[in-house]
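Asker:
In the numbering used here, the protein residues as written are 2 to 371.
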């Protein structure tokens with residue numbers, strides 16, 4: 002049976018079209034809008050997403066920060082309490098990506114992790130098995146909702162309901178929210194998966210619906226639209242953000258996935274270190290690249306890529322129609338024999354379509370704007 006968000010009834014009321022995602026029944030798009038309108042709202046105004054399917058796990062105890070830093074790939078000592086960090090959980094034997102996740106550094110004894118929905122149980126299992134005495138790893142997946150408010154009018158929308166805004170990218174604050182359940186804290190983090198300025202709010206389930214309603218009401222004057230996972234996918238693809246299970250997986254390493262920047266190479270220890278360091282020194286044999294259609298082709302996952310008529314060099318991992326560029330874009334895991342500026346062909350439903358290899362993002366990012 003699929004899990005449902007604490008905001009499920011709000012989506013039903015908005016005429017959402019649902020689909021399974023990571024074991025959850027989640028809204029893909031909403032009646033009266035659709036993917037392109039929702040996408041455009043985020044690029045030009047503001048959108049609200051329910052991403053409560055994302056995992057939530059807490060690591061606590063003396064030395065919790067050091068423990069997390071010795072297991073996950075990025076260097077937690079690059080940031081301070083009140084900041085968040087993109088990192089990877091790697092398989093120690095293969096260097097493959099078990100999951101990519103966000104770490105919220107509360108303090109030395111409290112580290113919040115937000116993994117992907119389908120991988121939460123596995124990430125928690127690996128951490129719990131490795132934890133030494135005094136360290137506790139708790140799966141809070143179904144205890145909290147996550148609401149993303151994304152777009153150039155996200156600050157105005159959240160400020161209208163009294164939330165602090167304007168803090169630095171990848172930093173967070175805890176803000177009080179007064180509702181029917183009393184006053185509870187909401188984590189307001191300057192993060193997101195769209196490439197636009199925005200925030201992600203982590204809140205207890207019991208205040209999720211009231212929080213959603215207030216944001217929707219406050220955002221009405223700024224053109225806010227409820228947005229589903231369909232537009233979330235087109236937005237993240239325009240940024241070249243990888244999706245676990247498509248672009249990166251247990252079968253790819255951070256070197257192959259082009260996310261070596263999320264690895265603390267100078268750290269003495271993290272899962273998979275010896276494997277990925279060796280691979281980095283030798284150079285990976287394949288790498289994730291961006292591709293843009295020269296013609297009218299729209300790439301889709303698992304379509305084969307060719308350097309010449311009979312030389313297959315990889316396959317498309319993500320592909321879509323870009324509402325911003327009005328053309329097909331995607332990502333492909335291809336052999337490193339392919340020049341980073343080459344043209345390749347992709348078998349799109351039996352037709353060889355030409356694509357330009359490029360480095361994402363495909364459109365300008367505003368995520369770090371002050």
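Backbone N, C-alpha and C define an ideal beta-carbon position, used for all residues, glycine too.
Between which two residues does the beta strand (DSSP E) harbouring residue 98 extend?
Answerer: 98-108
Asker: Cα-Cα, which of 342, 132, 223 and 252 is closest to residue 155?
Answerer: 223
Asker: Whole angstroms are fine: how far does the CA of residue 105 sit from the CA of residue 367?
Answerer: 22 Å
Asker: Unbroken alpha helix (DSSP H) runs of length 4 or more, entirely within the segment 224-277: which are they?
Answerer: 230-240 and 255-258
Asker: Does the distance from the CB of residue 360 to the CB of residue 315 come in under 7 Å?
Answerer: It is not a contact, given that the beta carbons lie outside the stated cut-off.
Asker: Return yes when the Cβ of residue 76 is within less than 7 Å of the Cβ of residue 265, no when it is not.
Answerer: yes
Asker: Return the first residue and the last residue of the beta strand (DSSP E) that residue 319 is part of.
Answerer: Counted as a single uninterrupted DSSP element, the beta strand (DSSP E) harbouring residue 319 occupies residues 312-323.
Asker: According to the Cβ coordinates, are residue 168 and residue 191 closer than 7 Å?
Answerer: yes
Asker: Since residue 331 and residue 317 should fall inside the 8 Å C-beta cutoff, what is the C-beta to C-beta distance between them, to a whole number of angstroms?
Answerer: Contact flag correct, Cβ pair sits at about 5 Å.
Asker: Assuming residue 249 contacts residue 101 under a Cβ cut-off of 8 Å, what Cβ separation, rounded to an integer in Å, is found between them?
Answerer: 7 Å
Asker: Which class does residue 91 belong to by DSSP, given the choice of helix, strand or coil?
Answerer: strand
Asker: Would you call the segment 62-75 in contact with the segment 23-34, where contact means no fewer than 3 C-beta pairs closer than 8 Å?
Answerer: No: fewer than three Cβ pairs fall under 8 Å.
Asker: Does the Cβ of residue 51 have 16 or more other Cβ atoms within 10 Å, making it buried, or fewer, making it exposed?
Answerer: Looking at its Cβ environment, which holds 16 or more other Cβ atoms inside 10 Å, residue 51 is buried.
Asker: Starting from the Cα of residue 40, find the closest Cα among 87, 340, 230 and 161 and give me that residue.
Answerer: 230
Asker: Using 8 Å for Cβ pairs, my map puts residue 378 next to residue 90. What's the rounded Cβ distance?
Answerer: This structure gives no information on residue 378, because the portion of the chain shown stretches from 2 to 371.
Asker: Tell me whether residue 287 is buried or exposed, calling it buried when 16 or more other Cβ atoms sit within 10 Å of its Cβ.
Answerer: buried
Asker: Grouping DSSP H, G and I as helix and E and B as strand, with all else coil, what is residue 155?
Answerer: helix
Asker: Give me the residue from 320, 166 and 305 with the minimum Cα distance to residue 313.
Answerer: It is 305 whose Cα lies nearest to the Cα of residue 313.
Asker: What is the C-beta distance between residue 199 and residue 152, in whole angstroms, given that I count them as a contact (C-beta under 8 Å)?
Answerer: 6 Å
Asker: Go ahead and pull the three-state DSSP assignment for residue 146.
Answerer: strand
Asker: So the beta strand (DSSP E) residue 336 belongs to, where does it begin and stop?
Answerer: 328-336
Asker: Which value, in whole angstroms, describes the spacing of the CA atoms of residue 232 and residue 268?
Answerer: 37 Å
Asker: Mapping DSSP to helix, strand and coil, what is residue 363?
Answerer: coil
Asker: Residue 336: which of 342, 289 and 349 sits nearest, CA to CA?
Answerer: 289
Asker: Please identify the residue among 177, 97 and 358 whose C-alpha is closest to the C-alpha of residue 274.
Answerer: Closest option to residue 274, Cα to Cα, is 97.
Asker: Taking just the CA atoms, how far does residue 226 sit from residue 385?
Answerer: In this structure the chain extends from 2 to 371, so residue 385 is not present and cannot be described.
Asker: Do you know how far the Cα of residue 129 is from the Cα of residue 194?
Answerer: 28 Å
Asker: Which parts of the segment 152-201 are runs of the alpha helix (DSSP H), unbroken and 4 residues or longer, counting only runs that do not cross its ends?
Answerer: Counting only runs of 4+ residues, the alpha helix (DSSP H) found wholly inside the segment 152-201 occupies 155-160, in chain order.
Asker: Roughly how many angstroms separate the alpha carbons of residue 170 and residue 253, rounded to a whole number?
Answerer: 28 Å
Asker: In chain order, what residues of the same chain have a beta carbon less than 6 Å from the beta carbon of residue 285, not counting five sequence neighbours either side?
Answerer: Around residue 285: 256 and 257.
Asker: In the structure shown, what three-state DSSP assignment does residue 57 receive?
Answerer: Secondary structure at residue 57: coil, using DSSP grouped into helix, strand and coil.
Asker: Taking residue 88 as the reference, which of 204, 243 and 310 has the closest Cα?
Answerer: 243
Asker: Going straight from the alpha carbon of residue 92 to that of residue 12, what length do you get?
Answerer: 37 Å
Asker: Using 10 angstroms around the beta-carbon of residue 57, count the other beta-carbons present and answer buried if the total reaches 16, otherwise exposed.
Answerer: buried
Asker: Does residue 38 come out as helix, strand or coil in the three-state DSSP assignment?
Answerer: helix
Asker: Taking the DSSP output, what are the residues bridged to residue 304?
Answerer: Bridge partners of residue 304: none, in fact.
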